[in-house]
Structures are given as C-alpha cells and as structure tokens.
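Chemist: Submitted below is the structure of interest, expressed as structure tokens.
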C-alpha cells in the first residue's frame, strides 16, 4: 500500500485520537475548580436561616422541607407519584419533573421543574415566595440575584446621616444588628450575614473630609455596607445595636496583645466573603502579629466581647494535608466541612467565622494570633483522615508548667501554654460534641493530642479529625454531603447546648 | 487532504505518546518490585554479642486505634543511649514489616538517642521517617505515643522526650503532631490511657 493512501486513511482517526488524549490529559491535570457554595438566606420575623442552593438545568434550587421546617411543624409523606408536604392544615403535592404544583387549594406554575434529589424536594428559588404565601398566608419578597428571601416585615431598613458637628457618619437601623466588621486601609466593611438589612439605594457619595462614599451590596445570602474613608475608620455600636457611628480611628499608641486580658478596643470577627475562593494570607483578618496591628483596626463595642466561634479549616494553600487521591486532599474537605458548620451555627443564632475561607497558606502561629486577637469564644480546628472510622475530638496535650512557674507575667500568658486556663471548658464542649455525635449515630471519641496550635489558643478549643464513617468506606466518603451535614449539625447542636458553660468566666 | 508534513508530525506525536505509556508502565513495575523487597529496608544495627534480654514494646494498632504492650527480646548493649536506640529499632522493625499494625515509610529509622540530665531523652529521627510518615492526627499521635511509651517502659530514668529530625527541630511530624514541644511521660501515659478506652 502507498504511504499517501495509508496516511490519508489514518489521518482523521489519528487526529481524533490525539485530540481525545490531549483533552483527557488537560482535564486530568487541570480539574475544574469546585463551584462556589451557594446559599439562600431566609429572613422571617422570628428567625433567620440559610438553605443550601444547588444548580439544576441552569436554575438555582432549594429544598422545600428545609424552607418550611424552621417555621413550623412539617410532615413529609411519600405518595405514589411523588411527595406530599404538610404544614398546619395546608398540604402540597410535588411530583418530579412537573412544572406545576398544588399547594392547598391553589396551583402554582413556575419556570423549571420539581427535582427530587436523595429524598429532598427541590424547587427553583424563584418559586419559593409563591409556595410560602400558600403555606403561611404571608407575603414574602425574594432578592433573587442576592439569594435573600424576606418574609412579611422581616427586613431592617437603615438610614445614613453625616454629622458634620462631630465628624462622623451615623447609620440608624430599624432593628438591632450585629454585623461582622473589618477594615482594609481606609475602607470599613460591615458584613450582615444574619441581619435582614436592606437599603433604598446602591450608595451615596459625600463631599466630606472623613467619608467619601458609602456602598450597599447584596450577594450570596448576605449584605454588605462598605464605607470609603480618607483615613482609617472606627465603628462604634450604641442604642442596643440599632446605631453604628463611624468616625476616624485614633492614632495607634499601644500595640495589641494576643492575650485574653480585657481591652477597651477589640477586633470584631471579619470573615472573607463566600465568593472568595482564594485569598492571600494578608487578607485573613487578624493574622498579622499583634504588635503590627494598630488599634485603629478595631471596633469599640462598649467593652463587650461578642461570643463567636472561630472555625479553622485545617491546612490550605501549599499545605495540602493528607492527599487522598489526585483530586481530593484534606484541605478541601476541611473547608467544605467548616463552611457547613458555620451555616449550622448561624442557623442556630451563633456567630461563626471561618479563619480561612479560601485556599490560603497559614502558619500555626498566624491561626492562633487570629483567634486570640479577635477574642474568639470557641476555637475549632478541623482535620480529616484515617486511620479508623468516625470522628475524633482532641483537646490540647499540655506540658507541665515548669519554666516561669510562679513568675508574674501580668496580663500575659506564655504562648505555648495559653490554653492551660481553658482546658476544662475545652474538654466540656468536646465531650458535649461526642455525646451529640452519638445521638446522630456517628461514631466519636475524645482524647488529648499534641495538635498545634491548640496549646496557644486563649479560649476553649478543640481539634476535630473526621475519618470515613465505616471501615469499608473509601476516602471519598469524607466529602459526602450527608455525612458532613450530620457532623456539622451534631457539632453545632452541641455547641449551642454547651454555650452557657463555655461563656462562663468570659 | 492533510499536508504530508502534518501527517508525519502527528505520527511522531502518537509514537511519543505510546513510548511514554510504555515507559510509565516500566516505572510502575520497578516501583512495585522495590516495594516487594522492602524487608531490606529494616533498620540494621551492629550485631551485639551476648544473651538476649526481654524488652517491652508499646505497639500501635491502627485498625483498633489502640496501643498494646507486648514483649520482645534482643541482645542489648550495656551503654544506656545505645541500648535505648536499639530498643527503638526493634520497635520500628515491628512497624516496617509487611503487613504492619502501624505502617511507617520505608527506611524510617532512628539516627541517634541522647540522654540529658533531668530525665530528658532526645530522639533524632531520620528525614525519611518524617517525610514518609502518613499524615493525620491519629496516625502521628500513635507514633509519638508508641515511641515515648516504649522508651519509658524500658528506661525508667526517662521522664521527658524531645524529637529532632536529622538533628534539627521540626514543627510537626507530618502536618499534625507537634514536634516542637517536649513530651512529658506522665502526660503521654494519660493520652495513651484515653486511647485505650473504646
């Protein structure tokens, strides 16, 4: 056979083969980044909670049971053709693949279809206000692009007034609010994750020597007010949380201490936004050495330190932790679980902050500094891996204090034994988590272990290592949503139960 | 019709892909055969003449998540530091066998053991020990507990243990367990006792 004839016959299949090999190797080398975790925040007059949002056929969906359950008693029944969800005397029928549902005596038609996923009835979030109005007989309003749903009169409006007399910007809210506050140069961010804050405009520009503009942004179930100043700003709360005065920060005069000594100025928790898949270490709040953090980066809150849980997703960035496979490493599992735990805590009314909310490299000291400087009420370090099964809770393995024994250090604690005064409460809350895991049929045990930075945390603290649920399960089970959810729910419930004890002596 | 030079390029690329596949397969086979001859990597100590002595080992069992006290025997040198080093090598020998109750990386070894005043024992591990160690709180915790407990069971003068890796301080064993601290034997006893409760 002639070369030209052979080559012309083989050339097309060969090109196709090469294209496939090239595509497969690219996909293997550069796997698609995991999608941002979407959530829908529901603001009801009596409560605020978040729902997980998933995508189906280019539409955003949320669970109907999860939507109704925090608002009252809900019963779910499997019917021949789908599911029946009953709340009070109103019953809804949901059949998979239908774009029409019946709730009570009304039929609701919506773009998209009913999706049944692992026993959960999912609806496009656009359909939820209509569903709620039938079940609750209440009006609700959806901010679809921001994924925020307001039921009846839950929204908290605010006004902004520039007070030339004392050179401050005063934000007055119709309800008490508790935002996470952070600063970035001369910008001040107020992040409202649970407060139903809305604003009548996108922002204002001021002709002022201190504040140049104020912007209001809603995204992924949260709202944020950004105040742009000409110099570092300070936020002061008053009127039971209904008024926030923003003024020029005092010039730095005293370096902050990472010790738990009372201080008139503290740094509020300031989580990175959900959308931040990657953030440089310098953006992690409070991770710089305390001596380098000027007082102006703080928030005065009438000397009261608000309780919040600092969730530290283990590893990150260059520190991958255990590599379970080419595509799955410990740092990714810990971040997923940390985000779930934050949501569950916030759903129970407990403020929670992620120490890293992206793929960031942090040293153990940076983690301890961030927690101590922000006066966390509880610190949780999350890890994942074998051997064994279930969940292990670790409290600090403390060395016996010898050096400096009896030496008076004033308000300071030795860095390596800062945990000593909190160990009893650390064990108490870890034991509470173990007990709650038992209620959720998750195998759990508690012990001490030499896990940094536990010894340097000046607050009740424990580390959690999650292993596969059974000995026959593969490491992929560690990223299983239902397994992670059970762990997050048990942990959050236990923290809420143990909170009065945790807060003793704060 | 595709130009001839393009066709030749495609054939050369395809040949390269196939050759790469064959080479990868050979590498894989070589690694597998190296793993099978792992027994060669057990720590080797100079033979000690004389009768064997009973020693106690605290062996970690990953499957059950516990440590168990077991007896073994070996000919031990008289000098205390060489004796402790030999005992640790017997312990590591248990872990380097296949199958192992608590696998360590191949060629994991103890460089030296030093005894300092005040009951301090400094254990210098080789870099392969740390680099090849499995990452995880429990896996690392059990290794440290096993070494500290075995040392204290056989040398009652030891009250504290400090770990070095190739003569240098190291932050963690494999990302989780603290190697910067000095381990106190009573605290490790307590930790092991907690692990035994199931």
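Protein chains in written order, with the numbering used here: chain A, 7 to 512; chain B, 7 to 204. Even for Gly, the Cβ is constructed at its ideal location relative to N, Cα and C. Bear in mind the structure is a predicted one, so any value in this text is a computation, not a measurement.
Using a Cβ-Cβ cutoff of 8 angstroms, what residues of the stretch 139-158 of chain B are near chain A? List them in chain order.
Modeler: Within the stretch 139-158 of chain B, the qualifying residues are 140, 141, 142, 143, 144, 145, 147, 150.
Chemist: Of the choices B:175, B:138, B:12, whose alpha-carbon is the least far from that of residue 128 (chain B)?
Modeler: The residue given as residue 128 (chain B) occupies position 122 in the second chain. Nearest C-alpha to residue 128 (chain B): B:175.
Chemist: Round the Cβ separation of residue 219 (chain A) and residue 209 (chain A) to the nearest angstrom and send it over; I've been treating them as touching at under 8 angstroms.
Modeler: Your numbering for residue 219 (chain A) matches position 213 in the first chain. Your numbering for residue 209 (chain A) matches position 203 in the first chain. With 8 angstroms as the limit, residue 219 (chain A) and residue 209 (chain A) qualify as a contact, their Cβ atoms being about 6 angstroms apart.
Chemist: Starting from residue 400 (chain A), find everything on chain B with Cβ-Cβ shorter than 7 angstroms and list it in chain order.
Modeler: For this step, residue 400 (chain A) is matched to residue 394 along the first chain. Going along chain B in sequence order, the residues near residue 400 (chain A) (Cβ under 7 angstroms) are 143.
Chemist: Distance, Cα to Cα, residue 158 (chain A) vs residue 139 (chain A)?
Modeler: Taking the first chain and counting its residues from 1, the one referred to as residue 158 (chain A) is at position 152. Taking the first chain and counting its residues from 1, the one referred to as residue 139 (chain A) is at position 133. Taking the straight line joining both Cα atoms gives about 10 angstroms.
Chemist: Taking only the alpha-carbon atoms, compute the straight-line gap between residue 43 (chain A) and residue 337 (chain A) and give it to the nearest angstrom.
Modeler: Counted from its first residue, the first chain places residue 43 (chain A) at position 37. Counted from its first residue, the first chain places residue 337 (chain A) at position 331. Going from the Cα of residue 43 (chain A) to the Cα of residue 337 (chain A) covers about 16 angstroms.
Chemist: With a cut-off of 7 angstroms, does the C-beta of residue 454 (chain A) fall near any C-beta of chain B?
Modeler: Taking the first residue of the first chain as position 1, residue 454 (chain A) is located at position 448. Judged by the 7 angstroms Cβ criterion, residue 454 (chain A) is in contact with chain B.
Chemist: On a Cα-Cα basis, can you pick out the residue from A:418, A:455, A:465, A:456 that is closest to residue 430 (chain A)?
Modeler: Indexing the first chain from 1 puts residue 430 (chain A) at position 424. Closest option to residue 430 (chain A), Cα to Cα, is A:465.
Chemist: For a cutoff of 7 angstroms on Cβ pairs, would you count residue 403 (chain A) as touching chain B?
Modeler: Taking the first residue of the first chain as 1, we reach residue 403 (chain A) at position 397. So, interface residue.
Chemist: Quick one: what's got a C-beta closer than 7 angstroms to residue 437 (chain A)'s C-beta in the same chain, skipping five residues either side?
Modeler: As a working mapping, residue 437 (chain A) is identified with position 431 in the first chain. So the qualifying residues of the chain are 452.
Chemist: I'd like the list of long-range same chain contacts for residue 502 (chain A), defined as Cβ closer than 7 angstroms, with 5 residues on each side in sequence excluded.
Modeler: Residue 502 (chain A) sits at position 496 when you count from the first residue of the first chain. Closer than 7 angstroms at the Cβ level, and outside the excluded window around residue 502 (chain A), lie 354, 356.
Chemist: Note down, in chain order, every chain B residue with its Cβ under 9 angstroms from the Cβ of residue 2 (chain A).
Modeler: No information on residue 2 (chain A) is available, as it lies outside the stretch 7 to 512 that chain A covers here.
Chemist: Taking just the CA atoms, how far does residue 187 (chain A) sit from residue 272 (chain A)?
Modeler: On the first chain, position 266 is the one that residue 272 (chain A) refers to. On the first chain, position 181 is the one that residue 187 (chain A) refers to. Confidence is the limiting factor: at residue 272 (chain A) the pLDDT is only 28, short of 50, which leaves the residue's position unreliable and the question unanswerable from this model.
Chemist: Mind checking if residue 323 (chain A) is an interface residue toward chain B, Cβ cutoff 7 angstroms exclusive?
Modeler: Position 317 of the first chain, counted from the first residue, corresponds to residue 323 (chain A). By this cut-off, residue 323 (chain A) is not an interface position.
Chemist: Output the boundary residues of the beta strand (DSSP E) element that contains residue 212 (chain A).
Modeler: Counting from 1 along the first chain, the entry for residue 212 (chain A) is found at position 206. Neither: residue 212 (chain A) is in no beta strand (DSSP E) and is coded neither H nor E.
Chemist: Is it buried or exposed, residue 510 (chain A), if we count other Cβ atoms within 10 angstroms and call 16 or more buried?
Modeler: For the purposes of this step, residue 510 (chain A) is taken as the residue at position 504 of the first chain. Residue 510 (chain A) should be labelled exposed.
Chemist: Can you pull the DSSP bridge partners for residue 4 (chain A)?
Modeler: Look at the range of chain A in this structure, 7 to 512, and you will see that residue 4 (chain A) is not part of it.
Chemist: On the DSSP letters alone, give me the boundaries of the beta strand (DSSP E) that residue 160 (chain B) sits inside.
Modeler: Start at 1 with the first residue of the second chain, and residue 160 (chain B) comes out as number 154. Residue 160 (chain B) -> not in any beta strand (DSSP E); alpha helix (DSSP H) instead, spanning 143-160.
Chemist: Compile a chain-ordered list of the residues in the stretch 315-342 of chain A whose CB is closer than 9 angstroms to at least one CB of chain E.
Modeler: Among the protein chains of the structure shown, namely A and B, there is no chain E.
Chemist: Mind listing the chain A neighbours of residue 201 (chain B)? Cutoff is C-beta to C-beta under 8 angstroms, in chain order.
Modeler: The residue you call residue 201 (chain B) lines up with position 195 of the second chain. Per Cβ cutoff of 8 angstroms: 453.
Chemist: Give the list of continuous alpha helix (DSSP H) stretches no shorter than 4 residues that lie fully inside the stretch 68-151 of chain A.
Modeler: Fully enclosed alpha helix (DSSP H) runs of 4 or longer: 70-74, 134-142.
Chemist: Suppose you measure from the CA of residue 196 (chain A) to the CA of residue 51 (chain A); what does that come to, to the nearest Å?
Modeler: In the first chain, the residue the question calls residue 196 (chain A) occupies position 190. In the first chain, the residue the question calls residue 51 (chain A) occupies position 45. If I take the Cα positions, the gap works out to 22 angstroms.
Chemist: Kindly list the residues whose CB is nearer than 7 angstroms to the CB of residue 485 (chain A), restricted to its own chain and excluding five residues on each side of it in sequence; keep chain order.
Modeler: By one-based count along the first chain, residue 485 (chain A) stands at place 479. The answer, listed in chain order, is 334, 339, 342.
Chemist: Quick one: does residue 88 (chain A) have its CB under 7 angstroms from some CB of chain B?
Modeler: By one-based count along the first chain, residue 88 (chain A) stands at place 82. No, its Cβ sits nowhere closer than 7 angstroms to a Cβ of chain B.
Chemist: Near residue 66 (chain A), what residues of its chain come up, given a Cβ to Cβ distance below 6 angstroms and the 5 sequence neighbours on each side ignored?
Modeler: Against the first chain, residue 66 (chain A) aligns to sequence position 60. Correct list, in chain order: 59, 131.
Chemist: Within its chain, find whatever has a CB closer than 8 angstroms to the CB of residue 38 (chain A); leave out the 5 residues flanking it on each side and keep chain order.
Modeler: Translated into the one-based positions of the first chain, residue 38 (chain A) becomes position 32. Residue placement at residue 38 (chain A) cannot be trusted, given a pLDDT of 40 that sits under 50; the coordinates are not used to answer.
Chemist: Which residue's Cα is closest to the Cα of residue 322 (chain A): A:457, A:428, A:347, A:365?
Modeler: For the purposes of this step, residue 322 (chain A) is taken as residue 316 along the first chain, with counting starting at 1. That would be A:365, whose Cα lies nearest to the Cα of residue 322 (chain A).
Chemist: If you draw a straight line from the C-alpha of residue 133 (chain A) to the C-alpha of residue 229 (chain A), how long is it?
Modeler: Residue 133 (chain A) sits at position 127 when you count from the first residue of the first chain. Residue 229 (chain A) sits at position 223 when you count from the first residue of the first chain. Their Cα atoms are separated by approximately 22 angstroms.
Chemist: So, at 6 angstroms on beta carbons, what are the nonlocal neighbours of residue 462 (chain A) in its own chain, with the 5 sequence-adjacent residues on each side left out?
Modeler: For the purposes of this step, residue 462 (chain A) is identified with residue 456 of the first chain, where counting begins at 1. Hits under 6 angstroms: 374, 421, 424.
Chemist: Beta-carbon separation of residue 142 (chain B) and residue 114 (chain B) under 7 angstroms?
Modeler: Mapped onto the second chain, residue 142 (chain B) falls at position 136. Mapped onto the second chain, residue 114 (chain B) falls at position 108. For residue 142 (chain B) and residue 114 (chain B), no; Cβs fall outside 7 angstroms.
Chemist: Would you mind listing the alpha helix (DSSP H) stretches within the stretch 87-137 of chain B that are 4+ residues and don't spill past its ends, in chain order?
Modeler: DSSP runs (the alpha helix (DSSP H)) wholly in the stretch 87-137 of chain B: 133-137.
Chemist: Taking all protein chains shown into account, do 16 or more other C-beta atoms lie within 10 angstroms of the C-beta of residue 143 (chain A), making it buried, or fewer, making it exposed?
Modeler: Mapped onto the first chain, residue 143 (chain A) falls at position 137. Exposed is the call here.
Chemist: Measuring straight from C-alpha to C-alpha, what distance separates residue 32 (chain A) and residue 242 (chain A)?
Modeler: Translated into positions along the first chain, residue 32 (chain A) becomes position 26. Translated into positions along the first chain, residue 242 (chain A) becomes position 236. With a pLDDT of only 46 at residue 32 (chain A), under the threshold of 50, the placement of this residue in the model should not be trusted, and no figure is reported.
Chemist: Strictly under 7 angstroms for the Cβ-Cβ distance: is residue 4 (chain A) near chain B by that measure?
Modeler: Chain A is shown from 7 up to 512; residue 4 (chain A) falls before or after that span and cannot be answered.
Chemist: So, are the CB atoms of residue 253 (chain A) and residue 174 (chain A) less than 7 angstroms apart?
Modeler: Counted from its first residue, the first chain places residue 253 (chain A) at position 247. Counted from its first residue, the first chain places residue 174 (chain A) at position 168. It is a contact, given that the beta carbons lie within the stated cut-off.
Chemist: Which residue spans inside the stretch 405-492 of chain A form an unbroken alpha helix (DSSP H) run of at least 4?
Modeler: If we require 4 residues or more, the alpha helix (DSSP H) runs fully inside the stretch 405-492 of chain A come out as 429-445.
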